[in-house]
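Take the sequence shown: its letter number 192 is residue 192 in the UniProt record's numbering, and every next letter is one higher. Working notes for the structure below.
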Amino acid sequence: MQEVDSMHRPITAGHTTSRLILDQLKQISRTPSESSAQSALSQQASMSSPVLERSKSAPALLTAAQRTMLAQVGACNSHLTSDENMAINELRLHKPRLPKDTWFFTDPNKDPDDVVTYTLGKQLQAEGFVHITDVVATLGDAEVRSQRAEMAKGVFNKLGLHDVHVSRGRDYAMNSLQSKEHAKFLLEGHALRAGPGEIHRDSLQDMSRRLARAPHGVGIVVIAGMSDINALITTCPDMVRERVDDITIMGGVEPLKDADGFVQPDARAYNNATDMDAARSLYRKAQELGIPLRIVTKEAAYKTAVSPSFYEGIAGSGHPVGHYLRDVQKSALKGLWEGIQAGLLPGLDDSWFFRTFMPNAQIEAAQLDKNKESSFEDIWPKVTKLNLYDPLTLLASVPGAAKLLFKPKAIHTEGFGVVEQVGPDDVTHPEKARLLMSALAKSALAQSTVAPD
């Protein structure tokens, strides 16, 4: 009888060779003590447990022979640096049995973050970690939200993920400052938009129908305002409790709980403040229903900031999404600077901007006043750090990646649903996070340099 793999596919000679090569690489990656311990345990495991935990660390250095082995199984990519290859191969050791069905709540094209997240998601899907099924686009009035939804759909099409179901988000209350700030839709995004007929208009009806038919539990990733996911959890609490496995949010929490003992959203976090009533409702309802919440803070993203060369690297594939990301990140930061100058972003000022994006500039107080009147073109060459808030949130939602990069802090909720926070002190391997984000993005764009629409 022909041998088959875990998916009941025949194992060919090529598959056998690849499997042997991977086994050799796993053995190489262990220290001598780990190898002997694994050998001693393997006989017991054959009778009591079908799978041993694999090594959590890739070899510190790869020899020429090891690189050859990796290349034979497609695990050593020439478009990646050796450190990036090491990071993505270590992630592969934590591949789940089944990919995690994943929904995004997103606001693309006010900054590059969302599209970087989609790009990482494409490669995580190719690697078997996630299955992106649904996306809801929010932020701004109905026309702007439609543009964001078309943008999201167009990017997923370019990435070869044509089956992703994209809906336009619902109306929400905005004050006059929010109306202006939430309307920002960067010029570079228009070229990637799909046609209006490719998106769906009633997000709540869409979400309810599709969640009811979801074949597996769903992981929710919230990288935007919470009007839509709150509408779903409020309207269909029983279905959400049954079918949603967890919710990961780019946001923040208050240090003190409310009078009833519930963890509260931090009003200073942008995504929370977009629709604060919805954020308060979502955080509380998820806890009441016992749905695990994992909150990633902006300070965690500061710890894993990348340089502008990150975008140059992912544009090297020639993929249109890579070119968009390279071009748009400067425009996005310019919009942020101008929004601060116009007073559209309460709580953010020049000092925050310089600390966040130009920490090596050593700007004194007197220079701040001078720079305040400078154009963005004078400031841009001094930028050394760019924050990937949303991509980091996606990695925190993926168990294998989260295990490698974070040690989330549990917030005790006195019998309510579990709430965890990922702050700067909870990012255990920031350099590995940077390498992994770069490796995933480069690999995603190299895999489909010319993806058909």
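For glycine and all other residues, C-beta sits at the position ideal for the given N, C-alpha and C.
Own chain partners of residue i with C-beta closer than 7 Å, once the 5 adjacent residues on each side are dropped
{"i": "residue 151", "result": "108, 109, 189, 192 and 193"}
{"i": "residue 212", "result": "239"}
{"i": "residue 231", "result": "170 and 204"}
{"i": "residue 378", "result": "none"}
{"i": "residue 339", "result": "181 and 345"}
Rounded straight-line distance, which links the Cα of residue j to that of residue i
{"i": "residue 353", "j": "residue 337", "result": "7 Å"}
{"i": "residue 308", "j": "residue 91", "result": "24 Å"}
{"i": "residue 327", "j": "residue 415", "result": "48 Å"}
{"i": "residue 166", "j": "residue 302", "result": "30 Å"}
{"i": "residue 506", "j": "residue 205", "result": "As shown, the chain starts at 1 and ends at 453. That puts residue 506 outside it, with no answer to give."}
{"i": "residue 202", "j": "residue 170", "result": "7 Å"}
{"i": "residue 439", "j": "residue 394", "result": "15 Å"}
{"i": "residue 172", "j": "residue 106", "result": "15 Å"}
{"i": "residue 247", "j": "residue 83", "result": "31 Å"}
{"i": "residue 227", "j": "residue 234", "result": "10 Å"}
{"i": "residue 357", "j": "residue 239", "result": "42 Å"}
{"i": "residue 382", "j": "residue 311", "result": "16 Å"}
{"i": "residue 103", "j": "residue 349", "result": "33 Å"}
{"i": "residue 262", "j": "residue 282", "result": "11 Å"}
{"i": "residue 187", "j": "residue 412", "result": "44 Å"}
{"i": "residue 147", "j": "residue 220", "result": "22 Å"}
{"i": "residue 243", "j": "residue 97", "result": "19 Å"}
{"i": "residue 360", "j": "residue 270", "result": "25 Å"}
{"i": "residue 181", "j": "residue 447", "result": "36 Å"}
{"i": "residue 138", "j": "residue 149", "result": "8 Å"}
{"i": "residue 306", "j": "residue 392", "result": "12 Å"}
{"i": "residue 277", "j": "residue 267", "result": "10 Å"}
{"i": "residue 473", "j": "residue 375", "result": "Residue 473 falls outside the range modelled here, since the chain spans only 1 to 453, and no answer is possible."}
Local conformation of residue i per DSSP, three classes
{"i": "residue 250", "result": "strand"}
{"i": "residue 356", "result": "helix"}
{"i": "residue 265", "result": "strand"}
{"i": "residue 156", "result": "helix"}
{"i": "residue 348", "result": "coil"}
{"i": "residue 200", "result": "strand"}
{"i": "residue 144", "result": "helix"}
{"i": "residue 226", "result": "coil"}
{"i": "residue 376", "result": "helix"}
{"i": "residue 95", "result": "coil"}
{"i": "residue 257", "result": "coil"}
{"i": "residue 398", "result": "coil"}
{"i": "residue 161", "result": "coil"}
{"i": "residue 391", "result": "helix"}
{"i": "residue 79", "result": "coil"}
{"i": "residue 275", "result": "coil"}
Cβ neighbours of residue i in the same chain (closer than 6 Å, five flanking residues each side left out)
{"i": "residue 444", "result": "119, 122 and 123"}
{"i": "residue 322", "result": "314, 315 and 445"}
{"i": "residue 433", "result": "304 and 405"}
{"i": "residue 113", "result": "389 and 390"}
{"i": "residue 136", "result": "105, 167, 169, 203 and 228"}
{"i": "residue 153", "result": "166, 194, 198 and 199"}
{"i": "residue 455", "result": "In the structure displayed, the chain extends from 1 to 453; residue 455 sits before or after that span and is not available."}
{"i": "residue 264", "result": "254 and 258"}
{"i": "residue 410", "result": "420"}
{"i": "residue 274", "result": "225"}
{"i": "residue 214", "result": "243"}
{"i": "residue 245", "result": "217 and 219"}
{"i": "residue 297", "result": "252 and 423"}
{"i": "residue 430", "result": "303 and 304"}
{"i": "residue 279", "result": "226, 265 and 272"}
Own chain, CB closer than 8 Å to residue i, minus 5 neighbours either side, in chain order
{"i": "residue 408", "result": "294, 396, 402, 420, 421, 422 and 426"}
{"i": "residue 50", "result": "Any answer about residue 50 is weak, because its pLDDT of 37 lies below 50 and its placement is not dependable; what the coordinates show is given next. Hits under 8 Å: none found."}
{"i": "residue 210", "result": "133, 134 and 165"}
{"i": "residue 442", "result": "77, 79, 80, 84, 313, 314, 316 and 317"}
{"i": "residue 399", "result": "94, 96 and 100"}
{"i": "residue 241", "result": "289, 290 and 291"}
{"i": "residue 144", "result": "182, 183 and 185"}
{"i": "residue 331", "result": "186, 187 and 188"}
{"i": "residue 386", "result": "305, 306, 307, 308, 310, 311, 329, 333 and 357"}
For residue i, the residue or residues it bridges with in DSSP
{"i": "residue 289", "result": "Answer is none; residue 289 lacks a bridge partner."}
{"i": "residue 103", "result": "134 and 220"}
{"i": "residue 540", "result": "This structure leaves residue 540 out entirely; the chain is present only between 1 and 453."}
{"i": "residue 168", "result": "137"}
{"i": "residue 421", "result": "295 and 409"}
{"i": "residue 115", "result": "Looking at the DSSP assignment, residue 115 forms no beta bridge with any residue, so it has no partner."}
{"i": "residue 244", "result": "218"}
{"i": "residue 427", "result": "406"}
Distance cut-off 7 Å: residue i Cβ against heavy atoms of the ligand FAD
{"i": "residue 78", "result": "Judged by which ligands are present, the structure shown has none, so any question about the ligand FAD falls away."}
Measuring CB atoms only, is the segment 255-267 touching the segment 146-165, in the sense that at least three cross pairs come out at less than 8 Å?
The answer is no - the segment 146-165 does not touch the segment 255-267, with fewer than three Cβ pairs under 8 Å.
Would the segment 332-349 count as touching the segment 174-184 if we require 3 or more Cβ pairs under 8 Å?
Segments in contact, yes.
Three or more C-beta pairs closer than 8 Å, one from the segment 435-443 and one from the segment 77-87: is that the case here?
When Cβ pairs closer than 8 Å are counted between the two stretches, the segment 435-443 is seen to touch the segment 77-87, the count reaching three or more.
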